[in-house]
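Contents: one structure, followed by commentary.
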Ligand SMILES: [Zn+2]
């Protein structure tokens, strides 16, 4: 059996039916994600914090706990960890773009020790506010955005810059949770080439996004089991990060991707046999932690299309 069997939903997808359905499907991890049109990504994290401080949030957390379902927060967090408001006074903390301009948008300059200090402080704050019950933290870079091209950063690939920042975040989070582990997300620009100059600190684990997102514009896209380029990228990443804690983030239940992130969504097409082949492939690579996005499977989805095939997915992970 796959040890960690999860689904990743957006905060807005939560409703009363979810905990029971996860239990029936024998899933043991619920990840919460801050999907949002770009300007709202940061305020979505604030909304999540408020939710888990509310009575409703407490109730949900308790219910999951009683069902032995872990709760995690899978967040694009960089814009929260280093807010753009600092840009006016400290432009050199921020990313240099290809034309040599500093910009408050998209990640920041990891060569700036002062910027890293602010990121560490905010990471501690976020770890306290949204503490996972599994010890696994996810404070991803800005969604599919470039890293810094300044003189000091430019010889570091996006993968290296991302890992450098994740190492710093982990160090900070471990001051509040000694056994914390932190995801390094291999996705888009960081998928093909793992970090070459920076080494992962103990406690960093590989999280790799499945090929569904990387091949969305290609016809005849195959799943992980039939995608040789993806398999090579996975092998390269596993050789750097190790297999023990490695985690897959798939798209089998992601109706938001199938509907190109527009609501109302059409009915989810869950290709069970293909998912089963992919799962068998991941298992053969020694991966014991598998999750799938299920973003936009919200209450109105249940009303419109009925209960999504989460139990069928769960069975395949057994
Ligand atoms: Zn830089």
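Residue numbers (my numbering): 24 to 341. We treat Cβ as the ideally placed atom computed from N, Cα and C, and that holds for glycine.
Proximity of the stretch 59-74 to the stretch 135-146 falls short of the contact definition, fewer than three beta-carbon pairs being nearer than 8 Å. Proximity of the beta carbon of residue 134 to ligand 1 is indicated: a heavy atom of the ligand is located closer than 6 Å. Between residue 159 and residue 217, the C-beta spacing is not below 7 Å.
When the beta-carbon positions are compared, residue 193 and residue 147 stay at least 7 Å from each other. Closest in alpha carbon position to residue 66, among 103, 91, 166, is 103. For secondary structure counted as the alpha helix (DSSP H) over 4 or more consecutive residues, the stretch 258-337 holds these complete runs in sequence order: 278-281, 295-307, 322-328. By the criterion of at least three beta-carbon pairs nearer than 8 Å, the stretch 163-183 is not in contact with the stretch 194-205. Counted as a single uninterrupted DSSP element, the beta strand (DSSP E) harbouring residue 96 occupies residues 93-99. Residue 323 and residue 175 have their alpha carbons spaced roughly 49 Å apart.
For the pair residue 78 and residue 84, the Cα-to-Cα distance works out to about 10 Å. One thing to note: residue 29 has its Cβ no nearer than 7 Å to the Cβ of residue 97. In the three-state DSSP reduction, residue 110 falls in the helix class (H, G or I). The alpha-carbon of residue 304 is positioned some 30 Å away from that of residue 288.
A Cβ-Cβ distance of about 7 Å is found for the pair residue 36 and residue 319, placing them in contact under the 8 Å criterion.
Taking non-hydrogen atoms of ligand 1 into account, the C-beta of residue 171 is found less than 6 Å away from one of them.
A residue is called buried once 16 or more other Cβ atoms fall within 10 Å of its Cβ, and residue 42 is buried on that count.
Sequence-distant partners of residue 101 (beyond 5 residues in either direction) whose C-beta falls short of 6 Å from its own C-beta, in its chain, are 130, 164, 165.
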